Ligand code: HEC
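In this note's numbering, the protein residues as written are 0 to 127.
(1) By how many angstroms is the C-alpha of residue 3 removed from the C-alpha of residue 101?
(2) With H, G and I counted as helix, E and B as strand and the rest as coil, what does DSSP make of residue 105?
(3) How about residue 90: is its Cβ closer than 8 angstroms to a heavy atom in the ligand HEC?
(4) Is the distance from the Cβ of residue 92 to the Cβ of residue 111 below 9 angstroms?
(5) Given a cut-off of 9 angstroms, decide if residue 43 and residue 114 are closer than it, judged by their beta-carbon atoms.
(6) Just to confirm, is the Cβ distance from residue 90 to residue 39 under 9 angstroms?
(7) Flag residue 33 as yes when its Cβ comes closer than 8 angstroms to any non-hydrogen atom of the ligand HEC, and as no otherwise.
(8) Is any heavy atom in the ligand HEC found nearer than 8 angstroms to the beta carbon of residue 77?
(9) Is residue 126 near the ligand HEC, with its Cβ less than 8 angstroms from a heavy atom?
(10) Go ahead and label residue 55 buried or exposed: buried means 16 or more other beta carbons lie within 10 angstroms of its beta carbon, across all protein chains shown.
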């Protein structure tokens, strides 16, 4: 191996390592949440109607993919009773519902009234 080849190989390895690190860090949706959204708290958290209302919205819009028991399909559609959901703030969840991730098959729910997204957050919390 010449010195130049060795140098190129070294740089190549460094770049691979750096991109691996970046991929690992960008693994969770919650890492992409802007801080002003991340810190929001659920304004409906203490409303007694929030959980049953969220359950109805869930049944209408979410159960078809995430299943009525929220355990997902074991493949592309994730369970919504999970450590990953429990690790999210209220704001992270509301942001993700608003944004969706269409590239990976999760629609955006920005067309729902904001109150319904918070009801969904209440519902998701209640089933953990
Ligand atoms: C058309 C199928 C579909 C529907 C309908 C749907 N989802 Fe999803 N959802 C997905 C897929 C696929 C993912 C994984 C997306 C990804 O990995 O980026 C996902 C991801 C999520 C996540 C993130 C889970 C995690 O641990 O990362 C949450 C929270 C979520 N959905 C909640 C909901 C709620 C609440 C509704 C109803 C308003 C809903 N979804 C409706 C397909 C769907």
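Note that CB positions come from ideal geometry on N, CA and C, so glycine has one too.
All values derive from a computational prediction rather than experimental measurement.
Well, looking at it:
(1) 44 angstroms
(2) strand
(3) no
(4) no
(5) yes
(6) yes
(7) no
(8) yes
(9) no
(10) exposed
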